[in-house]
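Peer 1: If you scroll down you'll find the structure; I have some questions about it.
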Amino acid sequence: FNFADNPSLEEHILLLEALKEHDEAKCVRLMEEHIRLAMEALQK
C-alpha cells in the first residue's frame, strides 16, 4: 500500500484530529464530505 497515492489520506488525518478534539459537528461534516468524495470517485 502506497500512502503517497492515497487521495483520502488527508481526509482521514483531519477526521482523526476532529475526533481527538471531541468536535462532533466537525466529525460529522468531515465524514459527510469524505463519503461524498468517495462516492464521486466510485462513479468515475
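If you read the sequence shown in the numbering used here, its first letter stands for residue -10, the second for the next number, and so on. Note that beta-carbon positions come from the ideal geometry of N, C-alpha and C, so glycine has one too.
Alpha carbon to alpha carbon, how far is ALA14 from ASP(-6)? Give it in angstroms, no decimals.
Peer 2: The alpha-carbon atoms of ASP(-6) and ALA14 are separated by roughly 29 Å.
Peer 1: How far does the alpha helix (DSSP H) with LYS33 in it reach, from first residue to last?
Peer 2: Element bounds for LYS33: n/a, residue is neither H nor E.
Peer 1: Quick one: residues in its chain with C-beta nearer than 6 Å to the C-beta of GLU0, no 5 flanking neighbours on either side, listed in chain order?
Peer 2: Result list for GLU0: HIS23, in chain order.
Peer 1: At which residues does the alpha helix (DSSP H) containing GLU10 begin and terminate?
Peer 2: Premise fails: GLU10 is in no alpha helix (DSSP H) and is neither H nor E.
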